[in-house]
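Chains as they are written, first to last, in my numbering: chain A, 100 to 402; chain B, 2 to 333. Where is the CB? At the ideal position from N, CA and C, for every residue including glycine. Just so we're clear, the structure is a prediction, and the values are computed from it rather than from any experiment.
Encoded structure:
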């Protein structure tokens, strides 16, 4: 976004100045509306259980405590979910990126026969799908139900990512480069491996991040395909704890005071869990935001 | 995306061969060309085998499996071996009292979402574009963009916590104005507002980034000359910025209408509870329950197929209208 040149050459009229103030007020409101719920969650997660349960926390921790975090990190179910999510995110991303490049690169080459037909066939799947049950039947027939494969294979390739990668290859790898490489005796695969991939690091990073974040955040596939709690990704564990209020472990409490404390801890645990689960994504977010935007724009360019 | 379906430059002549000037050197035929491409670039064709298999297995076989919508599916006989029942499943669904509720809930939610989440990112982008580069602008962008990366489960959880009658700050805030506590999730009338506005909260920053990129693509000379002609900021927004982002806006609107019927499941399902079901039950959640919880595969597929066809029809219709009005569409 380039700064408008000549912003200062013509003096602002009074109307424009008022207008600009209005715009700033609007942006402040947008900032507050988005930020307050986020700060509220973080503040609560660092507060004491009794303060949270009494609703005394607003934007700053009350009676600061990290008990909820300790509790969360010592819960076997949550830790297992965390580990599973990492496995799905990393494994899924590797598979997805490999397959996406494997189809996007040939589709970017003018010498590839039938590329328009294949591309149309891919785009069609964005517009029309068989639906939940017919896809479920395929996964069932492949024996993938209740296995880790069900988390990474059925959603392996995104058409949108194929379009982004293909557009990038098309616009940044000149035909002359390929011709020069063939004269030097490089095969198609050799050219892809030694020339195209090193030149395409930015777009590979973008689609890898897109897949990783998608995997990290997704819960629907797990809900449909997994039954064994030891395979659950973090999002399913979160749903059980946060939305269904089912608690994490079996707690055999005796006294009423203890029960009350458990209940209060369960409340603050919710806030801590939200922070913990969003942390990996939000930590890398400021670094990837710019690339993400670029990736979206590359894909949007009519190629 | 229009480029994906490229129209060959050949004229639509009904009789091809005689139309060709005989003196020209004949181009090699399509199949000769294909064979040569296969021989020379066999490695490329090898590369696409696995990804193509993926699309056949996980996208096209399910489409063919959808045939069970017209059958009485039996796991033993498989999708193609099961007995035909014609339109029985559709008939049952259309005559089910739940049908009109589902259709109404899905449609109202879809339209409400598109209408609410369309203009706000445009306003945000134009506002951001009006102010100078600096820390404030960067902060607003970074913060408003962030919720896009949070999972649906977390956004719904946050919504529940913030709106909760006893703990949430929203009830505290309206309590200051003397309004009694509201059980937002327990009242079906609030469901749509919660769904739509939490979505706006999550996606506005992301959508604004796309419009900002479109705004930065506008020729600065247009703004210059408008300024020299004495146009105010508001006039420049109306006559330079808005026409400049129109093509982008149309594409996003078309995609929005096309997508809602297919991605509505996750959030509606998570926000759903027995108390708000009269408005929160949409086609997608009904398919999940009928198919996977009640194991009525044929009926669930029929409902899903009805949804898919409706979705496709909607997308094509909106694209047609958009193209008629503005000259821009998804595919040309």
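Quick check: is the beta carbon of residue 283 of chain A nearer than 9 Å to any beta carbon in chain B? Translated into positions along the first chain, residue 283 of chain A becomes position 184. So, not an interface residue.
If the criterion is Cβ atoms closer than 9 Å, does the pair residue 299 of chain B and residue 78 of chain B meet it? Counting from 1 along the second chain, the entry for residue 299 of chain B is found at position 298. Counting from 1 along the second chain, the entry for residue 78 of chain B is found at position 77. Result no, Cβ atoms of residue 299 of chain B and residue 78 of chain B do not sit closer than 9 Å.
Using the C-alpha atoms, what's the distance from residue 151 of chain B back to residue 381 of chain A? Working through the first chain from its first residue, we reach residue 381 of chain A at position 282. Working through the second chain from its first residue, we reach residue 151 of chain B at position 150. Going from the Cα of residue 381 of chain A to the Cα of residue 151 of chain B covers about 8 Å.
Residue 147 of chain B to residue 206 of chain B span [Cα, whole Å]: One-based indexing of the second chain puts residue 147 of chain B at position 146. One-based indexing of the second chain puts residue 206 of chain B at position 205. Computed Cα separation, rounded: 8 Å.
DSSP state of residue 73 of chain B mapped onto helix, strand, coil: As a first step, residue 73 of chain B must be located in the second chain, where it is residue number 72. It is a strand residue.
Which residue comes first and which comes last in the alpha helix (DSSP H) that contains residue 147 of chain B? Working through the second chain from its first residue, we reach residue 147 of chain B at position 146. Neither: residue 147 of chain B is in no alpha helix (DSSP H) and is coded neither H nor E.
Measure the alpha-carbon distance for residue 149 of chain B versus residue 314 of chain A and round it to whole angstroms. Working through the second chain from its first residue, we reach residue 149 of chain B at position 148. Working through the first chain from its first residue, we reach residue 314 of chain A at position 215. Going by the C-alpha atoms only, they are around 14 Å apart.
At a Cβ threshold of 9 Å, is residue 315 of chain A touching chain B? Along the first chain, one-based indexing puts residue 315 of chain A at 216. Answer yes: the Cβ-Cβ gap between residue 315 of chain A and chain B drops below 9 Å somewhere.
Counting only beta-carbon atoms, is residue 196 of chain A nearer than 9 Å to chain B? Taking the first residue of the first chain as position 1, residue 196 of chain A is located at position 97. Residue 196 of chain A does not count as touching chain B.
With a threshold of 9 Å between beta-carbons, can residue 369 of chain A be considered close to chain B, or not? Residue numbering aside, residue 369 of chain A sits at position 270 when the first chain is read from its first letter. Under the Cβ criterion of 9 Å, residue 369 of chain A is counted among the residues facing chain B.
Applying a beta-carbon distance threshold of less than 7 Å, which residues of chain A neighbour residue 81 of chain B? The residue labelled residue 81 of chain B in the question sits at position 80 within the second chain. Within chain A, no residue comes near residue 81 of chain B; the closest Cβ sits about 11 Å away, beyond 7 Å.
In whole angstroms, give me the CA-to-CA distance for residue 156 of chain B and residue 184 of chain A. Numbered from its first residue, the second chain carries residue 156 of chain B at position 155. Numbered from its first residue, the first chain carries residue 184 of chain A at position 85. When rounded, the distance between both Cα atoms is 18 Å.
Mapping the DSSP letters down to three states, classify residue 115 of chain A as helix, strand or coil. Here residue 115 of chain A refers to the residue found at position 16 of the first chain. In the structure shown, residue 115 of chain A sits in a helix (DSSP, three-state: H, G or I).
Same chain only: Cβ atoms within 6 Å of residue 172 of chain A, ignoring 5 sequence neighbours per side: Counting from one through the first chain, the residue named residue 172 of chain A turns up at place 73. Contacts found: none.
So, using beta-carbon positions, are residue 118 of chain B and residue 242 of chain B closer together than 9 Å? In the second chain, residue 118 of chain B corresponds to position 117, counting from 1. In the second chain, residue 242 of chain B corresponds to position 241, counting from 1. In this structure, residue 242 of chain B does not lie closer than 9 Å to residue 118 of chain B by Cβ.
Through-space distance from residue 258 of chain A to residue 309 of chain A, alpha-carbon basis: One-based indexing of the first chain puts residue 309 of chain A at position 210. One-based indexing of the first chain puts residue 258 of chain A at position 159. For residue 309 of chain A and residue 258 of chain A, the distance between alpha carbons rounds to 12 Å.
If you run the structure through DSSP and keep just helix, strand and coil, what is residue 85 of chain B? By 1-based counting over the second chain, the position of residue 85 of chain B is 84. Reduced to three states, the DSSP call for residue 85 of chain B is strand.
Tell me which same chain residues have a C-beta within less than 7 Å of the C-beta of residue 249 of chain A, skipping the five on either side of it? Position 150 of the first chain, counting from 1, holds the residue named residue 249 of chain A. 238, 243, 320, 324 and 325, listed in sequence order.
For a minimum of 4 consecutive residues, which ranges assigned as the alpha helix (DSSP H) are wholly contained in the segment 87–118 of chain B? 89–96 and 99–118
Just confirm the distance between the C-beta atoms of residue 370 of chain A and residue 150 of chain A, as a whole number of angstroms; I'd bet it's less than 8 Å. Counting from one through the first chain, the residue named residue 370 of chain A turns up at place 271. Counting from one through the first chain, the residue named residue 150 of chain A turns up at place 51. With a Cβ gap of about 11 Å, residue 370 of chain A and residue 150 of chain A do not count as contacting.
Can residue 337 of chain A and residue 376 of chain A be called in contact, C-beta distance under 9 Å? Stepping through the first chain from its first residue, residue 337 of chain A is reached at position 238. Stepping through the first chain from its first residue, residue 376 of chain A is reached at position 277. A contact, by the Cβ cut-off of 9 Å.
To the nearest angstrom, report how far apart residue 6 of chain B and residue 209 of chain A are at their CA atoms. Within the second chain, the letter at position 5 stands for residue 6 of chain B. Within the first chain, the letter at position 110 stands for residue 209 of chain A. Residue placement at residue 6 of chain B is flagged as unreliable, the pLDDT there being 42, under the threshold of 50; the coordinate-derived value follows with that caveat. Distance from the CA atom of residue 6 of chain B to the CA atom of residue 209 of chain A, rounded to whole angstroms, is 14 Å.
Quick check on residue 291 of chain B: buried or exposed, where buried means 16 or more other Cβ atoms within 10 Å of its Cβ? Looking up residue 291 of chain B in the second chain gives position 290. With 16 or more other Cβ atoms within 10 Å, it is buried.
Output the boundary residues of the alpha helix (DSSP H) element that contains residue 178 of chain B. Your numbering for residue 178 of chain B matches position 177 in the second chain. Counting along the chain, residue 178 of chain B falls outside any alpha helix (DSSP H), and DSSP gives it neither H nor E.
Count the other C-beta atoms from every protein chain shown that fall within 10 angstroms of the C-beta of residue 202 of chain B, then say buried if there are 16 or more, exposed otherwise. For the purposes of this step, residue 202 of chain B is identified with residue 201 of the second chain, where counting begins at 1. Residue 202 of chain B comes out buried.
On the criterion of 16 or more Cβ atoms from any shown chain inside 10 Å, does residue 282 of chain A qualify as buried, or is it exposed? Position 183 of the first chain holds residue 282 of chain A. Exposed, since its Cβ has fewer than 16 Cβ neighbours within 10 Å.
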